[in-house]
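>
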Amino acid sequence: MGHRVAGRIEHARSRLHGHFIGFVLLHRAHRVRFLFPTYDGRMSLAAAAVCPARPHRSSRMHARKSRLALAMVATALFVSVAHGQECSPDLNGDGVVDGADLAAMLSNWGNTYPATIASVTPPQGSSEGGTVITITGSGLGATSAVAVRGVPCANVTVVSATEVRATTPPGKPGLASVSVTTPAGTTTADGAFAYAVIATPSWATLIEAEPDPAIVTSAQLRGAIIATGHAWRVRDSATNIEMVLVPPGTFDMGCTASSQHACASDEIPVHQVTLTNAYYIGRHEVTQAQWTEQMGSNPSFHQSASAEVPALEVPNRPVELVAWDTVQGFLSATDMRLPTEAEWEYAYRAGTTTAFHGRPTATGGTDDDAEVGAIAWFGPNAGGQTRPVGGKDPNGLGLHDMSGNAWEWVNDWHSETYYASSPATDPQGPASGTKRVVRGGWFGGTSAFLRGSFRGNPEPGTASFSIGFRVARNP
């Protein structure tokens, strides 16, 4: 190599994936040279870190142990910074040799070896294309192209050395290969993705076939939605009510206390529930305009404009002053139904386990009552009135106003002790009772009512200016 070296060349191999890292050259003056391969596979000293290491009586012994050679490289960089020593060359050109130079050095590990593909999520998408897939693996940091069945994907985004995202092209239904191209070559995973026909219900028009990753941020949840074979976001043709698909799944139903409020007795015990069927649920609470169009009149208390709600927006307030019994007429006219209590809570949580659901910028949800103003109209921010639907951040399924604005009727009878004996699969609520369940809280209440597990229980004939509803429908 043209360099006199007192010690021997020690080969260092990564214990992660077995990638070749480079050579450590131990100079007789206790200098450490690290050589790593360039993209064309040749060894390069031009970018090698050459730093004096702190002398140590046992350095010769360390030099003989290849398992410590790589550690000495990191130590040399650290010691040079700690003792203010000047090192050359400066890998990132900022005039200082520090951890950033080590990072630059490490970023080149494995670049002469093809990438590996560990997973593709979601594993299924529309034959019309447009599915945002996440590829995980190794050696992906220099990805220049992604293809499905050899057809290039759009919007290729390198997230890290272990993650890449891309948008699929159209393709015929069936299994498809996914390939990733880096400077080291192309890696292909056969059958890693499947094209499917996404069905739109006969009663609806299509808005979006697949979930928007900016709204449904969970790749797992997007995959579950796509796997149903049903379109994610549709509009009911008869009512213009926008609905989103909720996939089957299992969740823990019941008590989730917040930082300020404990659970009520009817929220316990927490119990596991499995919903076996996909269903559609309204993206918003039913509005005054949607009710009036079907029923011919508007019963709502909040029909007037205000300083906060201009006249043009009043029809978009949620309908209220509708009893559970009265709502049945709307449902019969539209072939819709109320969600069960379990369906409502499962949709509310959208994969979270916290008191309050998540949102696009805080996907994990929160137990902090101080943060609920981002998702809910309630006592401190609503001004004593309902607000036009959709004004607050949606949850992880794209649903708005699941907390606050108006209480929402669900289909179930209420029982204080039902959770103790509730079926684990597709619970429908008690067979009979004297009160029905409302969920989600209201514009004049505290954050206690906004928790995803809180259960209100008015009589079914109650018509209140705080209670509205949200519809559901089978695909």
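First residue of the sequence shown: 865, per my numbering; consecutive thereafter. Glycine included, C-beta positions come from ideal geometry on N, C-alpha and C.
(1) Would you call the CB atoms of V1042 and L1004 closer than 7 Å?
(2) Considering only C-alpha positions, which residue in the set I1090, H1125 and A1206 is nearest to T1341?
(3) Checking the sheet assignment: what are the DSSP bridge partners for F1115?
(4) In the DSSP assignment, what are the bridge partners of M1107?
(5) Using DSSP's beta-bridge definition, name the partner residues of L1070.
(6) Please report the straight-line C-alpha distance between E1209 and V1015, rounded to a whole angstrom.
(7) Exposed or buried, what is T1250 when buried is set at 16 or more other beta-carbons lying within 10 Å of its beta-carbon?
(8) For R1213, report the span of its alpha helix (DSSP H) as first-last.
(9) Can you tell me whether DSSP reads D1054 as helix, strand or coil?
(10) Ignore the nearest five residues each way along the sequence and tell me which others in A1246's own chain have a CB closer than 8 Å to its CB.
(11) For T1198 and S1161, what's the separation of their Cα atoms in angstroms?
(12) Within 10 angstroms of its Cβ, does L1039 collect 16 or more other Cβ (buried), or is it exposed?
(13) Spell out the partners DSSP gives R1029 in its beta bridges.
(14) In the DSSP assignment, the alpha helix (DSSP H) including D1189 goes from what residue to what residue?
(15) Report the three-state DSSP secondary structure of A1336 (helix, strand or coil).
(16) Taking the continuous alpha helix (DSSP H) assigned at A1128, which residues delimit it?
(17) Throw me the rounded Cβ distance for the S990 and A1060 pair, which I believe falls under 8 Å.
(18) Taking only the alpha-carbon atoms, compute the straight-line gap between Y1144 and V1335 and give it to the nearest angstrom.
(19) Within 10 angstroms of the Cβ of L1109, are there 16 or more other Cβ atoms? Answer buried if so, exposed if not.
(20) So A1187 and T1000 are in contact, right, with Cβ under 8 Å, and what is the actual spacing, rounded?
(21) So for P1287, helix, strand or coil by DSSP?
(22) Please report how far the alpha carbon of P1324 lies from the alpha carbon of V1274, in whole angstroms.
(23) Determine the closest residue to S1066 out of A1214, V1012, G1049 and V1098, with distance taken between C-alpha atoms.
(24) What are the start and end residues of the alpha helix (DSSP H) that includes N1245?
(25) Who does Q988 pair with in a DSSP beta bridge?
(26) Among the candidates T1050, A1234, W1096 and I981, whose CA atom is the shortest distance from the CA of I1071?
(27) Do you know how far the Cα of W1241 is from the Cα of A844?
(28) Starting from L1176, follow the beta strand (DSSP E) in both directions and report where the run begins and ends.
(29) Please confirm if the segment 1290-1303 is in contact with the segment 1251-1258, defined as three or more CB-CB distances below 8 Å between the two stretches.
(30) Please identify the residue among G1113, E1131 and T1151 whose C-alpha is closest to the C-alpha of T1216.
(31) Which same chain residues end up closer than 6 Å to I1062 when comparing Cβ atoms and leaving out the 5 residues on each side of it in sequence?
(32) If contacts are defined as beta-carbon pairs under 8 Å, then S1170 and E1184 qualify, I think. What distance do you get, rounded to the angstrom?
(33) In the DSSP output, what is E1235 paired with across the bridge?
(34) Exposed or buried, A1011, counting other C-beta atoms within 10 Å across all chains shown (16 or more means buried)?
(35) Kindly indicate the opening and closing residues of the beta strand (DSSP E) around G1038.
(36) So, at 7 Å on beta carbons, what are the nonlocal neighbours of R1380 in its own chain, with the 5 sequence-adjacent residues on each side left out?
Taking the geometry as given:
(1) no
(2) A question about residue 1341 goes unanswered here, because the residues of the chain that appear run from 865 up to 1339.
(3) V1137
(4) V1098 and G1146
(5) V1098
(6) The C-alpha of V1015 is placed about 41 Å away from the C-alpha of E1209.
(7) Result: buried.
(8) E1205 to R1213
(9) strand
(10) The beta carbon of A1246 sits closer than 8 Å to those of G1268, N1269, F1307 and G1308, all from its chain and outside the five residues before and after it, given in chain order.
(11) 16 Å
(12) The residue in question, L1039, is exposed, as its Cβ has fewer than 16 Cβ neighbours within 10 Å.
(13) T998 and T1021
(14) W1188 to T1198
(15) The three-state secondary structure of A1336, taken from DSSP, is strand.
(16) A1128 -> no alpha helix (DSSP H), and no H or E assigned at all.
(17) In this structure S990 touches A1060 by the C-beta definition: roughly 7 Å separates them, less than 8 Å.
(18) 8 Å
(19) buried
(20) 51 Å between Cβ atoms; not a contact.
(21) coil
(22) 10 Å
(23) Selected option, being the one with the closest Cα: V1098.
(24) Secondary structure note for N1245: its alpha helix (DSSP H) is the uninterrupted segment G1243 to A1246.
(25) A1058
(26) W1096
(27) The question about residue 844 has no answer, for the chain in this structure spans 865 to 1339.
(28) No beta strand (DSSP E) contains L1176, which DSSP labels as neither H nor E.
(29) no
(30) Answer by Cα proximity: G1113.
(31) S990, A1073 and A1095
(32) About 15 Å separates the two Cβ atoms, so there is no contact after all.
(33) Per DSSP, none; premise fails for E1235.
(34) buried
(35) G1038 to T1046
(36) There is no way to answer for residue 1380, as the model of the chain reaches only from 865 to 1339.
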